[in-house]
Amino acid sequence: MKTLLFSVITGLLCLETGAIRGGSVTSLVYNPHLVSISIGEEFACAGSLLTLDWVVTVASCVQDIPIEKIKVRAGSWKTDGFGQVSDVDQALVHPMFNWYTQDYDLALVKVAKGFTKGPKVRPIQLAKDPVDVSQEATVVGWGENTEGQEGELRKLVVNLLTNDTCKDQLPYDIISPRMICSWVDSKSSPCWNDFGDPLKNKWGKLVGMYTYSRKCKSFPSVYTYLHPYREWIATAVPDLIIN
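Residues -19 to -1, 1 to 224 in mature numbering (1 follows the signal peptide of the UniProt record, and there is no 0) are what the sequence shown lists, from first letter to last.
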């Protein structure tokens, strides 16, 4: 039932298939925090390593999924092979997550076996300060290509929007203070299966995670904004050092 609901909601929000539209091919060497999360044998979403055994991702990916069905893969440019793979011990969904508004779309996943640090496996730091919307940011992820096959790992430089501007563009959506939006042009955007893709500021710190967009490229993209959750994350992940 949860999978069906997720498909219905995301199908309404993102009506075209495809990976990050536009942008350029990148490498895990530049994004070693990036992991893929699978449900059963299927790629479900992306996440980012906060430590070698804790991953931050979107709640909409893992809520109500039995943890024995979830696997996390680190250090691989593919979502279905290579790298290091671990089962999951815990999946902590934010208690205020709302399916219909996508507010509080945040989850923390603890892997059963901590990953081994290397050139393509390394945690990312949370951004310390509130986001500066005058600065560009970068989103990274796989998604799918138009044939429904796994896409290349790509990065896209985006312009951040104020929430007021985002609300003007998405008048029927609830854009809360726990969200942030981006826009590039009508040809570039995160899209289907990019859920959980990390949004990084110009210093390479984690600012947010892709949540949804309408028609993928005709409207702003919406992300979970992580700064309001720093205390919740620090409480849930006791070995995480937040500066």
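Cβ atoms here follow ideal geometry from the backbone N, Cα and C, with glycine treated the same way.
Report task. Report the three-state DSSP secondary structure of T143 (helix, strand or coil). Result -> Here T143 carries a coil assignment [DSSP, helix/strand/coil].
Query raised in the report: Taking only runs of the beta strand (DSSP E) that begin and end inside the segment 32 to 96, which ones reach a length of at least 3 residues, in chain order?
Result: Listed in chain order, the complete beta strand (DSSP E) runs (minimum 3 residues) inside the segment 32 to 96 are 35 to 38, 51 to 55, 65 to 74, 88 to 92.
Requested in this report: Count the CB pairs spanning the segment 31 to 42 and the segment 174 to 182 that are closer than 8 Å, and state whether there are at least three.
Outcome: The segment 31 to 42 and the segment 174 to 182 touch, with no fewer than 3 CB-CB distances between them shorter than 8 Å.
**Report entry** Straight-line gap, S19 to W164 (C-alpha atoms, nearest Å)
**Finding:** Straight-line Cα distance between these residues: approximately 28 Å.
Report task. Would you kindly report the start and end of the unbroken alpha helix (DSSP H) that includes N217? Result -> Per the sequence presented here, residue 217 reads as Ala, with Asn not at that position. Looking at the DSSP string, the run of the alpha helix (DSSP H) that includes A217 is 211 to 217.
Query raised in the report: K148 by DSSP, collapsed to three states: which one?
Result: Reduced to three states, the DSSP call for K148 is helix.
Report task. Could you tell me the distance, in whole angstroms, from the CA atom of G28 to the CA atom of S115? Result -> Taking the straight line joining both Cα atoms gives about 25 Å.
Query raised in the report: Going by Cα to Cα distance, which pick from I51, L73, L33, E23 is closest to K59?
Result: Of the candidates I51, L73, L33, E23, E23 places its Cα closest to the Cα of K59.
Query raised in the report: According to the neighbour-count rule (16 or more other Cβ atoms, all chains shown, within 10 Å of its Cβ), is P219 buried or exposed?
Result: It counts as exposed.
**Report entry** Classification of M(-19) by the beta-carbon crowding that lies within 10 angstroms, buried from 16 upward
**Finding:** Caution is warranted here: a pLDDT of 39 is assigned to M(-19), below 50, making its placement in the model unreliable, and the coordinate value is therefore given only provisionally. Its Cβ having fewer than 16 others within 10 Å, M(-19) is exposed.
Requested in this report: List the DSSP bridge partners of W164.
Outcome: N140.
Requested in this report: Classify W35 as buried or exposed, calling it buried when 16 or more other Cβ atoms lie within 10 Å of its own Cβ.
Outcome: W35 should be labelled buried.
Report task. Sort out for me which residues DSSP pairs K195 with in a bridge. Result -> Just to set this straight, residue 195 is Arg in the shown sequence, not Lys. In the DSSP assignment, R195 forms no beta bridge with any residue.
Report task. Find out if the Cβ-Cβ distance for the pair L134, L9 is shorter than 8 Å. Result -> Against a cut-off of 8 Å, the Cβ pair of L9 and L134 comes out as a contact.
Query raised in the report: Going along the chain, which residues of its own chain have a beta-carbon closer than 8 Å to the beta-carbon of T7, five neighbours each way excluded?
Result: Correct list, in chain order: V121, L134, R135, K136.
Query raised in the report: Among G56, A25, Q44, K52, which one has its Cα closest to the Cα of H14?
Result: H14 has its Cα closest to that of G56, out of G56, A25, Q44, K52.
**Report entry** Among Y206, L142, K183, nearest to M190 - alpha-carbon criterion
**Finding:** When each option's Cα is compared against that of M190, the closest is Y206.
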